[in-house]
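Student: Letter by letter, the sequence shown follows residues -18 to -1, 1 to 185 of mature numbering (1 follows the signal peptide of the UniProt record, and there is no 0). For glycine and all other residues, C-beta sits at the position ideal for the given N, C-alpha and C. Quick caveat: nothing in here was measured; it's all calculated off a predicted structure. Here it is, the structure in full.
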Amino acid sequence: MGDKWLVSCLGVLHLSKGLFYRVVPADQGFGNSGEPPGSPTAEYAGVFRFRLWWCGAWVEVLVDDRLPAIHGRLAFVQSRHSDQFWPALLEKAYAKLHGSYEALKYGTLLDGLSDLTGGITESIAIRQDPTACGRVLAKLLDMTSLITCTVNNNQQQIRASTEKLANGIQMGINYRLYAIERVETFNGEAVQLVKLRNPLGPW
């Protein structure tokens, strides 16, 4: 479907628990609702609700539990864990808000992060002056901003590339940035190090 950008955004959302439960309310699942047995609301209804930022406000989107599949496997977003369906259900809610799954082919990382956080997103290129950019990132971290980073040359590579660089960084993956530090090497040279986590992997 070409919505790799959305997969990255969902991964970043999952790493931010406060935001995650704002978008994916915790009081729902495939079991009963937690009400006492015999209560009218105790039975599973097959409906899930999500909250997405749309046109300046949080909008609640309801979807049923019918997910598109091919030969018994989910057709689009799927989790490594066979019993975890929130990514596919949230993708369905996002597709519903935008009119279709097809519409997700044309999304971007910035749009996705804005829709899932309610925040204002900004893209900063660090080709020119990495030192100055490091100071900006450190200030944003002090303000508890959610920062992600990706390596790419153009928007097409974000959607399609799976290339890994020599340092292990994968192009097109939206890494979560947790910290930035300025350190000196044994040669006395000052370098900036960043702490990243791949939202789609173990590190």
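If you draw a straight line from the C-alpha of L92 to the C-alpha of R158, how long is it?
Tutor: To locate residue 92, count along the sequence shown from 1; it is residue 110. To locate residue 158, count along the sequence shown from 1; it is residue 176. Roughly 14 Å between the two C-alpha positions.
Student: Whole angstroms are fine: how far does the CA of E145 sit from the CA of E171?
Tutor: Against the sequence shown, residue 171 aligns to sequence position 189. Against the sequence shown, residue 145 aligns to sequence position 163. C-alpha separation (whole angstroms): 30 Å.
Student: So, using beta-carbon positions, are T132 and G154 closer together than 8 Å?
Tutor: As a working mapping, residue 132 is identified with position 150 in the sequence shown. As a working mapping, residue 154 is identified with position 172 in the sequence shown. Yes, the Cβ-Cβ distance between T132 and G154 is below 8 Å.
Student: Where in the segment 68 to 97 do unbroken runs of the alpha helix (DSSP H), each at least 4 residues long, occur, reported from the N-terminal end onward?
Tutor: 68 to 80
Student: Taking all protein chains shown into account, do 16 or more other C-beta atoms lie within 10 angstroms of the C-beta of D124, making it buried, or fewer, making it exposed?
Tutor: The count along the sequence shown starts at 1 and reaches residue 124 at position 142. Result: exposed.
Student: Touch check for the segment 95 to 109 and the segment 45 to 62: three-plus C-beta pairs under 8 Å?
Tutor: Counting Cβ pairs under 8 Å, fewer than three are found: no touch.
Student: Please name the residue or residues paired with V29 in a DSSP beta bridge.
Tutor: Residue numbering aside, residue 29 sits at position 47 when the sequence shown is read from its first letter. D46.
Student: Should Y160 be labelled buried (16 or more other beta-carbon atoms within 10 Å of its own) or exposed?
Tutor: Here residue 160 refers to the residue found at position 178 when the sequence shown is read from its first residue. Looking at its Cβ environment, which holds fewer than 16 other Cβ atoms inside 10 Å, Y160 is exposed.
Student: With a CB to CB cut of under 8 Å and the five nearest residues on each side skipped, what residues in its chain are close to L1?
Tutor: Taking the first residue of the sequence shown as 1, we reach residue 1 at position 19. The residues are L(-6), L98, T99, L128.
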